[in-house]
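Here is the structure we will look at, set down as structure tokens.
Residue numbers (UniProt numbering): 1 to 171.
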């Protein structure tokens, strides 16, 4: 079984979930002797409310983004947790649209504030898109306001890691 990172263990120690089923899953996941069989035998008989699962993952996303960087380990943890909690593509944006948009807006404001997207930020954008299972078009739409603000401040489009100018941008 994939062992979640030390960062996830730190999250578990600092985040107090009120959901008993999620607490039990945390115990299984963080137990170094657990196997995938422990999770498989547990989850069919005890279901976690989809909204509770999404709230938990959003809390973990906030925790991950405190340092403004998504490591490969953290992305793997997040993807593993989505599988454990049976999160499907589209669940985040359909059921937790406001929270996802708030997280992304905060990150986009930070990234575009200097009117330049460096390689690290470009990779982080891809990771954010993967974390929340967003299509290319959905993601482009969500970052549009910050791109337009950057362009209005005089940013060079080549420095913004964009494939085309936003449709709502007018000089």
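Just so it is clear, CB atoms sit at the ideal spot from N, CA and C, and this is done for glycine as well.
For residue 86, same chain residues with a beta-carbon under 6 Å away, outside a window of 5 residues either side, do not exist.
Taking C-beta atoms as the reference points, residue 74 and residue 133 fail to come closer than 7 Å. In the same chain as residue 59, and ignoring 5 residues on each side of it, the C-beta atoms closer than 6 Å to its own belong to 15, in chain order. Residue 123 sits away from residue 147, with the two beta carbons spaced by 7 Å or more. Between residue 4 and the set 30, 143, 98, the nearest pair of CA atoms involves 30. Residue 85 carries a coil assignment under DSSP once its states are collapsed to helix, strand and coil.
Residue range 20 to 30 is occupied by the alpha helix (DSSP H) that includes residue 25. Pairing residue 83 with residue 170, the inter-Cα distance amounts to about 42 Å. Residue 26 is a Cβ neighbour of residue 12, given a cutoff of 7 Å. The closest CA to that of residue 55, considering only 33, 151, 91, 70, is found on 91. With contacts defined as CB atoms closer than 7 Å, residue 65 and residue 81 fail to qualify as a contacting pair.
Looking from the CA of residue 155, the closest CA among 114, 79, 99 belongs to 114.
Residue 164 carries a coil assignment under DSSP once its states are collapsed to helix, strand and coil.
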